[in-house]
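*Asks:*
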Amino acid sequence: MGSALPLGSLPAAELFYWLGVATLTWLSLKAACRLLSGARVFVLGAGVEVGRFGRWAVVTGATDGIGKAYAKELAKHGMSIVLISRSQEKLDQVAKEIKQFQVETKTITVDFGEGAEIYKIIEAGLAGLEIGVLVNNVGISYNYPEYFLDVPDLDNLINKMLNINIMSVCKMTRMILPAMVERSKGIILNVSSASALYPVPLLTLYSATKTFVDFFSQALQAEYKSKGIIVQSVLPFFVATKLSKIRKPTLDKPSPETYVKAALNTVGLQTQTNGYLPHAILGWITTSLLPVSLVIKQSMKMNQGLRARHLKKLKEKGD
Ligand SMILES: NC(=O)c1ccc[n+]([C@@H]2O[C@H](COP(=O)([O-])OP(=O)(O)OC[C@H]3O[C@@H](n4cnc5c(N)ncnc54)[C@H](OP(=O)(O)O)[C@@H]3O)[C@@H](O)[C@H]2O)c1
Numbered sequence: 251m252g253s254a255l256p257l258g259s260l261p262a263a264e265l266f267y268w269l270g271v272a273t274l275t276w277l278s279l280k281a282a283c284r285l286l287s288g289a290r291v292f293v294l295g296a297g298v299e300v301g302r303f304g305r306w307a308v309v310t311g312a313t314d315g316i317g318k319a320y321a322k323e324l325a326k327h328g329m330s331i332v333l334i335s336r337s338q339e340k341l342d343q344v345a346k347e348i349k350q351f352q353v354e355t356k357t358i359t360v361d362f363g364e365g366a367e368i369y370k371i372i373e374a375g376l377a378g379l380e381i382g383v384l385v386n387n388v389g390i391s392y393n394y395p396e397y398f399l400d401v402p403d404l405d406n407l408i409n410k411m412l413n414i415n416i417m418s419v420c421k422m423t424r425m426i427l428p429a430m431v432e433r434s435k436g437i438i439l440n441v442s443s444a445s446a447l448y449p450v451p452l453l454t455l456y457s458a459t460k461t462f463v464d465f466f467s468q469a470l471q472a473e474y475k476s477k478g479i480i481v482q483s484v485l486p487f488f489v490a491t492k493l494s495k496i497r498k499p500t501l502d503k504p505s506p507e508t509y510v511k512a513a514l515n516t517v518g519l520q521t522q523t524n525g526y527l528p529h530a531i532l533g534w535i536t537t538s539l540l541p542v543s544l545v546i547k548q549s550m551k552m553n554q555g556l557r558a559r560h561l562k563k564l565k566e567k568g569d
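No gaps in the numbering here: position 88 of the sequence shown is 338 in our numbering, and each next residue is one more.
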């Protein structure tokens, strides 16, 4: 009877009932869409064939962790690889490991923490190469979670982190994108972080630099999609690397090899990706199910715990 009445004359209880039904339906539909799109990417999906985009792939921060895993995985797809990091010895070692895939390698030794001069060295090293894939992977974080003003050697870290996490992404893209646009094909993979999904206290500067990478990537994709360019923002949660200080991989903290194999499969399917199914589920929970204030509060708590543990260890060592 009540439903035949105009909205203004519905009893309050009935109005709330239908509002509840509408909200639940909307949330269920949203969840179902997310689930279906996740299944399409992580269960059924196969990304684009990266080798079709050009002969060479360039990877920054290529001697360890996620960068090294990208270099190896791209070589498995038949791409020749330019490896860029600070240590010639480590670069030679990784180049040797990659040669087993019967591809060419090239190494460039630079420190991304330094100023703009290094980009002339990189440009000279890349001259004449047909670059199909650029992986802007190099990145640093804090040694341990800390309040902004108490971060050791703060002024130096601000310069280094902005140069490595932000400047490198802009400059490498500036250098390599024009030739990709000319050939109407190219892939740029920018390794951001799940800490760009919401503000992470006690990793404030890191979290903010990674948000830059994420926004830069998404906007760039909108600008250059019609020119045949794929730009992807990759936002991992924890991966077992030197940076995360996690030694033993687990399901939710995978090895870099496991992570990158999954992430490469999402290229061309997702502009912004957590790259790996368990991380995509974590991403969904933290961005869609929980209020951002709660996520920030929990991150703060977790990082306060990690900070306390680190400082206690330092004290025990007598530092
Ligand atoms: N691991 C995680 O849990 C995680 C989570 C989210 C996002 N990420 C992001 O993933 C990316 C890779 O992290 P990762 O965990 O693989 O790090 P990693 O294991 O510490 O490896 C970093 C790589 O970058 C190189 N590198 C470091 N500083 C450099 C500099 N100043 N100049 C040139 N090369 C430099 C290192 O080589 P050399 O020391 O030989 O130079 C190494 O090859 C970063 O952007 C990070 O923010 C990581």
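By construction, the Cβ of each residue, glycine as well, lies at the ideal position given by its N, Cα and C atoms.
(1) CA-CA distance, Asp464 and Ile437?
(2) Can you check the stretch 257-291 for any alpha helix (DSSP H) of at least 4 residues that lies completely inside it and give the ranges in chain order?
(3) So Ser442 and Lys421 are supposed to be a Cβ contact under 8 Å. How far apart are they, rounded?
(4) If I measure Cβ to Cβ from Val291 and keep anything under 7 Å in the same chain, skipping five residues before and after, which residues do I get?
(5) Between Val481 and Gln471, how many whole angstroms is the CB-CB distance? I'm expecting something under 8 Å.
(6) By the DSSP assignment, the beta strand (DSSP E) with Leu333 in it spans what residues?
(7) What number of angstroms, rounded off, separates the C-alpha of Val211 from the C-alpha of Ala513?
(8) Please determine whether the Cβ atom of Ala512 lies at a distance below 7 Å from any heavy atom of ligand 1.
(9) What are the start and end residues of the alpha helix (DSSP H) that includes Ala325?
(10) For the stretch 487-501 against the stretch 273-284, are there 3 or more C-beta pairs whose distance is under 8 Å?
(11) Residues in the same chain with beta-carbon distance under 6 Å from Gly288, minus the five sequence neighbours each way, listed in chain order, please.
(12) For ligand 1, is there a heavy atom less than 7 Å away from the beta-carbon of Pro486?
(13) Which residues does DSSP pair with Thr523 in a beta bridge?
(14) Let's test the definition: count the other Cβ atoms within 10 Å of the Cβ of Asn406 and tell me whether it reaches 16, buried, or not, exposed.
(15) Could you pull the DSSP bridge partners for Val383 from this structure?
(16) Ligand 1 heavy atoms versus the CB of Ser335: any closer than 7 Å?
(17) Report yes if the C-beta of Val419 is less than 7 Å from at least one heavy atom of ligand 1; otherwise report no.
*Replies:* Reading it off the structure:
(1) One-based indexing of the sequence shown puts residue 464 at position 214. One-based indexing of the sequence shown puts residue 437 at position 187. Their backbone Cα atoms lie some 15 Å apart in a straight line.
(2) Taken in chain order, the unbroken stretches of alpha helix (DSSP H) that lie wholly in the stretch 257-291 and span 4 residues or more are 262-289.
(3) Stepping through the sequence shown from its first residue, residue 442 is reached at position 192. Stepping through the sequence shown from its first residue, residue 421 is reached at position 171. That belief does not hold up - the Cβ atoms of Ser442 and Lys421 are roughly 17 Å apart, past 8 Å.
(4) Counting from one through the sequence shown, the residue named residue 291 turns up at place 41. Result list for Val291: Thr516, Leu519 and Gln520, in chain order.
(5) Stepping through the sequence shown from its first residue, residue 481 is reached at position 231. Stepping through the sequence shown from its first residue, residue 471 is reached at position 221. Sure, about 4 Å apart at Cβ, within 8 Å.
(6) As a first step, residue 333 is located in the sequence shown; it is residue number 83 there, counting from the start. Counting along the chain, the unbroken beta strand (DSSP E) around Leu333 starts and ends at Ser330 to Ser335.
(7) The displayed coordinates of the chain run from 251 to 569. Any statement about residue 211 would go beyond what the structure contains.
(8) If you number the sequence shown from 1, residue 512 lands on position 262. Relative to ligand 1, Ala512 has its C-beta separated by 7 Å or more from all heavy atoms.
(9) The residue you call residue 325 lines up with position 75 of the sequence shown. Unbroken alpha helix (DSSP H) run through Ala325: Gly315 to Lys326.
(10) Taking a contact to require three or more Cβ pairs closer than 8 Å, the stretch 487-501 and the stretch 273-284 do not qualify as touching.
(11) As a working mapping, residue 288 is identified with position 38 in the sequence shown. In the same chain as Gly288, and ignoring 5 residues on each side of it, the C-beta atoms closer than 6 Å to its own belong to Ala530, in chain order.
(12) Residue numbering aside, residue 486 sits at position 236 when the sequence shown is read from its first letter. Within the cutoff, so yes.
(13) Here residue 523 refers to the residue found at position 273 when the sequence shown is read from its first residue. Its beta-bridge partners are Val484.
(14) In the sequence shown, residue 406 corresponds to position 156, counting from 1. Taking all protein chains shown into account, Asn406 has fewer than 16 neighbouring C-beta atoms within 10 Å of its C-beta and is therefore exposed.
(15) If you number the sequence shown from 1, residue 383 lands on position 133. Paired residue(s): Ala307 and Ile437.
(16) In the sequence shown, the residue the question calls residue 335 occupies position 85. Checking every heavy atom of ligand 1 against the Cβ of Ser335, one is found closer than 7 Å.
(17) Numbered from its first residue, the sequence shown carries residue 419 at position 169. No.
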